[in-house]
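Residue numbers (full-length UniProt numbering): 245 to 605. Even glycine gets a Cβ: it sits at the ideal position worked out from N, Cα and C. Okay, so here's the structure we're looking at.
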Ligand code: F6R
């Protein structure tokens with residue numbers, strides 16, 4: 245049942261305010277400015293002993309893990325990174341007892357992720373799951389974790405589950421942070437930011453008509469570049485993947501800082517760039533990247549908190565806490581991919597060559 249929407253993807257994009265509300269519900273503890281995660285199965289002493297966090301997932305879940313790693317580093321001050329589970333399992337990784345491993349999966353059935361979890365467990369590692377489907381193979385195989393509560397996702401490409409997974413990581417990062425060195429004041433600041441998300445997502449969804457007009461313009465492109473810096477880079481990766489998957493337009497994502505090390509050679513009027521430009525400590529650096537692109541007559545679509553002078557178009561999103569901005573900046577780009585694919589007449593819910601859950605190697 246699409247509930248009045250033309251596609252599941254559109255329905256699932258629209259459900260995000262409620263979905264985010266659901267992942268937060270019952271978990272926030274205002275008394276100590278922290279969160280309770282019932283199924284985590286990691287006590288405070290164990291949480292203090294973690295030296296590193298390694299997040300493993302595939303596709304969109306890997307991208308959610310990249311944002312999650314950034315949240316864990318900044319809120320809990322634990323070195324963290326995310327890697328495609330498939331790469332991890334084929335490189336005979338060093339398994340370290342002081343590392344917390346986290347498997348991320350919407351379906352909970354992705355074979356490469358499951359195989360990585362099994363290999364880690366065989367070697368004695370502690371593995372948690374950040375999973376959407378309750379009771380799925382990865383949920384059962386992990387030692388504990390955080391359910392994402394996005395609800396069923398039918399469209400082959402992931403949208404609401406991506407957003408909810410990142411919010412679940414924000415909760416986990418806040419939880420680990422408050423056990424370690426995150427202050428009560430910072431805990432409170434993040435909690436207030438989290439509570440603002442559902443209304444801010446609704447605000448972004450209301451700009452759909454505007455994004456649809458932009459999509460009609462960008463649908464003519466043969467290829468697109470997506471750039472972001474630090475927190476913005478995983479947003480660029482995910483937006484680029486979404487566009488590729490459903491519109492079949494070639495797209496690449498680069499850290500904004502890497503442009504000058506190669507891809508700047510591609511910039512010309514026929515290759516538009518989508519730039520993630522939050523109002524944070526990196527704003528001036530990001531603006532410099534826009535200038536480099538403009539100097540090569542590249543067309544720019546910025547996703548930003550204020551109008552960007554060098555951009556041809558700016559999609560404005562509401563500001564949250566710097567750490568939580570990536571959650572909001574991804575949402576207009578889901579709509580951009582959606583309307584681009586729609587303008588090109590693509591089969592949005594079932595893109596060619598793709599399956600919802602990849603249970604083969
Ligand atoms: C992208 C997409 C895929 C999945 C990937 C992992 O829109 O849907 O990239 O994210 O196949 O799937 P899960 O999260 O079910 O493990």
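#### Entry: Environment of residue 475 [buried if 16+ CB atoms lie within 10 Å]
Taking the first residue of the chain shown as position 1, residue 475 is located at position 231. Result: buried.
#### Entry: Length-filtered (4 minimum) alpha helix (DSSP H) runs lying within the stretch 276 to 318
For the stretch 276 to 318, the full-length alpha helix (DSSP H) segments reaching 4 residues or more read 288 to 293 and 303 to 315 along the chain.
### Task
Give the DSSP bridge partners of residue 496, in chain order.
Residue mapping note: residue 496 aligns to position 252 of the chain shown, counting from 1. For residue 496, DSSP records a beta bridge to 469.
### Query
In its own chain, which residues sit with a C-beta less than 7 Å from the C-beta of residue 370, not counting the 5 before and 5 after it?
The sequence position of residue 370 within the chain shown is 126, counting from 1. Same-chain partners within the cutoff: 344, 345 and 387.
### Query
Of the residues 339, 583 and 389, which one's Cα is nearest the Cα of residue 488?
In the chain shown, counting from the first residue as 1, residue 488 sits at position 244. Taking only the C-alpha atoms, the option nearest residue 488 is 583.
### Query
Assuming residue 406 and residue 308 make a contact with CB atoms under 8 Å, what is their CB distance in whole Å?
The sequence position of residue 406 within the chain shown is 162, counting from 1. The sequence position of residue 308 within the chain shown is 64, counting from 1. Confirmed, about 5 Å.
### Query
When the Cα atoms are used, what is the spatial distance from residue 254 to residue 409?
Within the chain shown, the letter at position 10 stands for residue 254. Within the chain shown, the letter at position 165 stands for residue 409. Straight across, the Cα-Cα distance linking residue 254 with residue 409 is about 19 Å.
### Task
Give every residue of the same chain whose Cβ lies closer than 7 Å to the Cβ of residue 501, excluding the five residues on either side of it in the sequence, and list them in chain order.
Translated into positions along the chain shown, residue 501 becomes position 257. Contacts found: 473.
### Query
At what residues does the alpha helix (DSSP H) containing residue 452 begin and finish?
As a working note, residue 452 is residue 208 in the chain shown. 452 to 462 is the span of the alpha helix (DSSP H), which, as asked, contains residue 452.
### Query
Is there at least one non-hydrogen atom of the ligand F6R closer than 7 Å to the beta-carbon of residue 395?
Stepping through the chain shown from its first residue, residue 395 is reached at position 151. False, no ligand heavy atom lies under 7 Å from that Cβ.
### Euclidean distance between Cα positions of residue 465 and residue 565
Residue numbering aside, residue 465 sits at position 221 when the chain shown is read from its first letter. Residue numbering aside, residue 565 sits at position 321 when the chain shown is read from its first letter. Taking the CA atoms as reference points, residue 465 sits about 33 Å from residue 565.
### Query
What do you reckon, is the C-beta of residue 242 under 7 Å from a heavy atom of the ligand F6R?
Any question about residue 242 goes unanswered here, given that the chain covers just 245 to 605.
### Query
Considering residue 363, what are the terminal residues of the alpha helix (DSSP H) in which it resides?
Counting from 1 along the chain shown, the entry for residue 363 is found at position 119. Here the alpha helix (DSSP H) through residue 363 covers 355 to 366.
### Task
Identify which residue in 592, 279 and 455 has its Cα closest to the Cα of residue 434.
Numbered from its first residue, the chain shown carries residue 434 at position 190. Of 592, 279 and 455, the residue nearest in Cα terms is 279.
### Assigned exposure category for residue 550 - 16 Cβ within 10 Å defines buried
To locate residue 550, count along the chain shown from 1; it is residue 306. The residue is exposed, with fewer than 16 neighbouring Cβ atoms inside 10 Å.
### Task
Give the DSSP-derived three-state secondary structure of residue 448 in the structure shown.
Within the chain shown, residue 448 is the residue found at index 204, counting from 1. Correct three-state label for residue 448: helix.
### Query
Do you know whose CA, among 605, 522 and 445, lies nearest residue 576's CA?
Stepping through the chain shown from its first residue, residue 576 is reached at position 332. Closest in C-alpha terms to residue 576, from the list 605, 522 and 445, comes 445.
#### Entry: 8 Å Cβ cutoff met for residue 588 and residue 491
For the purposes of this step, residue 588 is identified with residue 344 of the chain shown, where counting begins at 1. For the purposes of this step, residue 491 is identified with residue 247 of the chain shown, where counting begins at 1. The answer is yes: Cβ separation under 8 Å.
### Task
Rank 428, 531, 382 and 268 by C-alpha distance to the C-alpha of residue 350 and give the top, closest one.
One-based indexing of the chain shown puts residue 350 at position 106. Closest by alpha carbon: 382.
#### Entry: Residues that residue 324 bridges to, as DSSP identifies them
As a working mapping, residue 324 is identified with position 80 in the chain shown. Within the DSSP secondary-structure output, residue 324 pairs in a beta bridge with 297.
### Own chain residues within Cβ distance below 7 Å of residue 281, not counting five before or after
Against the chain shown, residue 281 aligns to sequence position 37. Correct list, in chain order: 271, 390, 415, 416 and 419.
### Message
Does the beta-carbon of residue 350, which I'm using as the reference point, lie nearer than 7 Å to any heavy atom of the ligand F6R?
### Response
Taking the chain shown and counting its residues from 1, the one referred to as residue 350 is at position 106. Correct: residue 350 has its Cβ closer than 7 Å to the ligand F6R.
### Message
Could you tell me the alpha carbon to alpha carbon distance between residue 431 and residue 277, rounded to whole angstroms?
### Response
Numbered from its first residue, the chain shown carries residue 431 at position 187. Numbered from its first residue, the chain shown carries residue 277 at position 33. Note on geometry: alpha-carbon atoms of residue 431 and residue 277 lie some 5 Å from one another.
### Task
Buried or exposed for residue 557, please, with buried defined as at least 16 other CB atoms from any protein chain shown within 10 angstroms of its CB.
Taking the first residue of the chain shown as 1, we reach residue 557 at position 313. With 16 or more other CB atoms across the displayed protein chains lying within 10 angstroms of its CB, residue 557 is buried.
### Task
Using 10 angstroms around the beta-carbon of residue 334, count the other beta-carbons present and answer buried if the total reaches 16, otherwise exposed.
The residue given as residue 334 occupies position 90 in the chain shown. It is exposed - the Cβ of residue 334 has fewer than 16 other Cβ atoms within 10 Å.
### Query
Nearest-angstrom Cα distance between residue 297 and residue 323?
Along the chain shown, one-based indexing puts residue 297 at 53. Along the chain shown, one-based indexing puts residue 323 at 79. Between residue 297 and residue 323, the alpha-carbon positions lie close to 6 Å from each other.
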